[in-house]
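Comments concern the structure below.
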Amino acid sequence: MATEMDHQIVRDLKAAGIDYVTSVPCKQLAGVLEVLDDEASILHMPSNKEDEGMGLCAGAYMGGMRPCIVMQNTALGVVVNTLATLIQFYQIPLPMLISYRGEVGEPVACQVEMALHTKAILNQLHIPTYHFHKPEDAAELPGILEYAQMASKPVAILCDASFWRASA
Amino acid sequence: MIRNDVFQTLKPIIREHLVVCNIGAPSQELHAMDDQPSNFYMLGTMGLASSIGLGLAAAQDKPVIAIDGDGSVLTNMGTLATIGNNAQGNFTLLIIDNGSYGSTGDQPTYAGMKTDLAAVARACGAENVQTVSAQDTAAAVKAAIASDEMTIIVSKCESGNVKVPVIKTNPIVIRERFMEEVRR
Ligand SMILES: [Mg+2]
């Protein structure tokens, strides 16, 4: 069941001109994905793996659309090469809406392992990174989306368990 | 016929169209043979030519030809399911299947052994999949571009590369001039 926050996030994507979204699901992102599927002005084309998704986004961007990828933080372990040699090398603006698994409130111990590497990977890649911990942090989303286009860079928006729980 | 011979026959057919070309030897050979602003060369990232091509085809109406390889499709095999479930009539995926990793020293791929990429594509939901000989590839690509049905062509050719220089064009230049062709 989608929350008001899920609706707000998709409204912000739409207002920022995002019209193409690819995704690999996460429990924390289920509401956002549900709203996306009902949003006629955004083409939602799920991918099987996040590097594949970034390829789709690069193509959609060159075709004149404004893409966004919705993914889990564990996938940062998958996409390092694609971020460096496709998205950054060709300067493609790409907001990454990322569920930040493995933080406080996480029930699955294994998720902690990639949470420990999440910000380190993003820092190593010099990717502008924003961390939504409280519902009010989401007020920054429109500015972040505009910033990604301005800078022609990938940007990461990490949304942790506390954020999703307090937004429910 | 090796990949470069197939490219020679394709040259007049694809030069006016948007082409997304696979990393390594394929991009280098296409670039050396007939560099066009309507060619998007992948300078890095193995396996994503078909994904970029699909995203591009979904975003606009001009015909798009993604030139991929058997090894690259194997490395991103999920792409065939995404393509099969999101058919774009303006999209042609040409898989140059030489049964080897051509850019890295012609090591054999599973596509040259028991794996049939055309059968995989069909099983993934793609409705118009053809396996053609190297000689028949150009005619198949021409027909695919003319049709408004998405087509996947597996072109069976021999393993081998020609000696051509690496691409030194700046990636932003490659992208900008390509996007200008998209907008034209
Ligand atoms: Mg090959």
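Sequence order for the protein chains is R and A. According to the working numbering, the first sequence holds residues 1 to 168 in order. According to the working numbering, the second sequence holds residues 1001 to 1184 in order. Glycine included, C-beta positions come from ideal geometry on N, C-alpha and C.
N-terminal and C-terminal residue of the alpha helix (DSSP H) that residue i is part of
| i | result |
| --- | --- |
| Thr1075(A) | Asp1070 to Thr1075 |
| Lys119(R) | Ala109 to Gln124 |
| His7(R) | Glu4 to Ala15 |
| Val1182(A) | Pro1171 to Arg1183 |
| Cys68(R) | No alpha helix (DSSP H) holds Cys68(R); the beta strand (DSSP E) holding it covers Pro67 to Gln72. |
Contacts of residue i in chain B (Cβ-Cβ under 8 Å)
| i | result |
| --- | --- |
| Ser167(R) | This model lacks chain B altogether; the protein chains it does include are R and A. |
Bounding residues of the beta strand (DSSP E) (the contiguous stretch that carries residue i)
| i | result |
| --- | --- |
| Thr1131(A) | Val1129 to Ser1133 |
| Pro1037(A) | From DSSP, Pro1037(A) is part of no beta strand (DSSP E); its letter is neither H nor E. |
| Ile1095(A) | Phe1091 to Asp1097 |
| Val1019(A) | Leu1018 to Cys1021 |
| Val155(R) | Pro154 to Asp160 |
| Ile98(R) | Leu94 to Tyr100 |
Residues of its chain near residue i, where Cβ-Cβ distance is below 7 Å and the 5 sequence neighbours each way are ignored
| i | result |
| --- | --- |
| Gly105(R) | Ala161, Ser162 and Arg165 |
| Val10(R) | Val32, Val35, Leu36 and Glu39 |
C-alpha distance - residue i paired with residue j, whole-angstrom precision
| i | j | result |
| --- | --- | --- |
| Gly1024(A) | Pro1165(A) | 11 Å |
| Ala168(R) | Val1120(A) | 42 Å |
| Gly1160(A) | Asp1106(A) | 7 Å |
| Lys1062(A) | Ala1087(A) | 15 Å |
| Asn73(R) | Lys153(R) | 18 Å |
| Glu146(R) | Ser23(R) | 20 Å |
| Asn1090(A) | Glu1149(A) | 7 Å |
| Gln1028(A) | Asn1039(A) | 11 Å |
| Ile121(R) | Ala16(R) | 26 Å |
| Thr1137(A) | Gly77(R) | 38 Å |
| Ala115(R) | Ser99(R) | 10 Å |
| Tyr1110(A) | Ala1049(A) | 19 Å |
| Ala151(R) | Glu1158(A) | 44 Å |
| Pro46(R) | Pro25(R) | 9 Å |
| Gly64(R) | Asn1085(A) | 22 Å |
| Gly1112(A) | Lys134(R) | 53 Å |
| Asn1076(A) | Ile1174(A) | 23 Å |
| Gly1071(A) | Glu1180(A) | 30 Å |
| Lys1142(A) | Ile1013(A) | 6 Å |
| Ile42(R) | Leu97(R) | 15 Å |
| Gln124(R) | Thr82(R) | 14 Å |
| Gln1130(A) | Leu1080(A) | 14 Å |
Residue from the options whose Cα sits closest to the Cα of residue i
| i | options | result |
| --- | --- | --- |
| Val80(R) | Gly59(R), Val70(R), Gln91(R) and Asp51(R) | Asp51(R) |
| Ile1095(A) | Leu1018(A), Lys1168(A), Ile1172(A) and Gly1047(A) | Gly1047(A) |
| Tyr90(R) | Lys119(R), Glu103(R) and Gly59(R) | Gly59(R) |
| His131(R) | Ala156(R), Ala40(R) and Gly102(R) | Ala156(R) |
| Val1073(A) | Met1179(A), Ala1057(A) and Gly1053(A) | Gly1053(A) |
| Ile1067(A) | Thr1075(A), Met1042(A), Ser1051(A) and Asn1022(A) | Asn1022(A) |
| Asp1034(A) | Ala1057(A), Asn1098(A) and Leu1010(A) | Leu1010(A) |
| Phe1178(A) | Asp19(R), Met62(R) and Pro67(R) | Met62(R) |
| Met1185(A) | Ala1139(A), Ile1153(A) and Ala1134(A) | There is simply no residue 1185(A) to check, as chain A begins at 1001 and stops at 1184 in what is shown. |
| Glu1176(A) | Lys1168(A), Pro1037(A), Leu1117(A) and His1031(A) | Pro1037(A) |
| Ala1140(A) | Ser1051(A), Tyr1041(A), Leu1030(A) and Leu1093(A) | Leu1093(A) |
Sequence-distant residues of the same chain with beta carbon closer than 6 Å to residue i, five excluded per side
| i | result |
| --- | --- |
| His7(R) | Val35 |
| Pro128(R) | Val155 |
| Leu94(R) | Cys57, Ile87 and Pro154 |
Same chain, Cβ closer than 8 Å to residue i, neighbours up to 5 away in sequence not counted
| i | result |
| --- | --- |
| Val1182(A) | Leu1018, Leu1056, Gln1060 and Lys1062 |
| Gly31(R) | Met1, Ala2, Thr3, Met5 and Asp6 |
| His117(R) | Leu76 and Gly77 |
Residues from the segment 55-84 of chain R in contact with chain A, defined by Cβ distance under 7 Å: Gly55, Leu56, Cys57, Ala58, Gly59, Ala60, Met62, Gly63, Gly64, Met65, Asn81 and Thr82
Which residues of the segment 1032-1057 of chain A have a Cβ closer than 9 Å to any Cβ of chain R? Give them in chain order. Phe1040, Met1042, Leu1043, Gly1044, Thr1045, Met1046, Gly1047, Leu1048, Ala1049, Ser1050, Ser1051, Ile1052, Gly1053, Leu1054, Gly1055, Leu1056 and Ala1057
Closer than 8 Å, Cβ to Cβ, to anything on chain R: give me those residues from the segment 1004-1027 of chain A, in chain order. Within the segment 1004-1027 of chain A, the residues whose Cβ lies closer than 8 Å to some Cβ of chain R are Val1020, listed in chain order.
In the segment 33-47 of chain R, which residues sit with their C-beta less than 7 Å from some C-beta in chain A, listed in chain order? Leu43, Met45 and Ser47
Listed in chain order, which residues of the segment 1071-1083 of chain A have Cβ atoms closer than 9 Å to some Cβ of chain R? Asn1076, Met1077, Gly1078, Thr1079, Ala1081 and Thr1082
Which of the residues in the segment 1161-1174 of chain A, read from start to end, lie with their CB under 8 Å from any CB of chain R? Pro1171, Ile1172 and Ile1174
Can you pull out the residues from the segment 1133-1159 of chain A whose beta carbon lies closer than 8 Å to at least one beta carbon of chain R? Against chain R - using a Cβ distance shorter than 8 Å - the segment 1133-1159 of chain A contributes no residues.
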